[in-house]
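Beneath this line is the structure, given in structure tokens, with notes to follow.
Residue numbers (our numbering): 506 to 717.
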């Protein structure tokens, strides 16, 4: 006499009421009889019999399932708002002169929030925040002009540029290092040009003094 394979589902197992209650909940939530039969090692017909006798109508449970899904989604959205709020609370506390209705401003804030998320290791949040910033920047076609104005101000005003590229003790930044190196070289050239002009003026003054 051969024995059945342990992997094969038996035609029936005597399940306790608690197990059948779990099956009922899963069935009304959308699981199929075939899926539950494989999971609980009973036949699909047995599940159909219990569903018919117990009145496990999926249609009647639809509203319950929908409300449960709504609550899950609402909870996830609330958690997301709470998590994102922590990032944005930090970046909006930063000193920044901007219009909160300006897409440029909001896009930059979203980028800053993404950076905060990356610092915490929340890379999925960081990616979503970057996508948010891209949406804001697409709504702000004048971003390039505004950045150009910032660069122009830096070129025309050394004090403004120095503030943008200010270095802190121990600060390692290639861009800042290059700025200060180029700045020092340019200032040295300007000082040398000034010295040449002064020497030239002195020669002209000496020549005029000799010739009367």
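Cβ coordinates follow ideal geometry from the N, Cα and C atoms, glycine included. Here the structure is a predicted model, which means the values were calculated and not measured.
Residues near residue i in its chain [Cβ-Cβ closer than 8 Å; skip 5 each side]
i, result
"residue 524", "545"
Residue i burial status per 10 Å Cβ neighbour count (16 or more: buried)
i, result
"residue 554", "exposed"
"residue 551", "buried"
"residue 560", "exposed"
"residue 675", "exposed"
"residue 672", "exposed"
"residue 691", "exposed"
"residue 615", "buried"
"residue 611", "buried"
Neighbourhood of residue i by C-beta distance below 7 Å, restricted to the same chain and skipping five residues each side
i, result
"residue 644", "608"
"residue 701", "none"
"residue 631", "619, 622, 623"
"residue 556", "532"
"residue 541", "528, 531, 532, 552"
DSSP state of residue i mapped onto helix, strand, coil
i, result
"residue 542", "helix"
"residue 610", "helix"
"residue 522", "helix"
"residue 676", "coil"
"residue 628", "helix"
"residue 561", "coil"
"residue 634", "helix"
"residue 548", "coil"
Rounded separation between residue i and residue j - CA only
i, j, result
"residue 633", "residue 558", "48 Å"
"residue 714", "residue 687", "40 Å"
"residue 698", "residue 709", "17 Å"
"residue 668", "residue 712", "45 Å"
"residue 695", "residue 679", "24 Å"
"residue 520", "residue 538", "15 Å"
"residue 547", "residue 534", "19 Å"
Own chain residues within Cβ distance below 6 Å of residue i, not counting five before or after
i, result
"residue 670", "681, 684"
"residue 635", "619"
"residue 529", "561"
"residue 638", "612, 615, 616"
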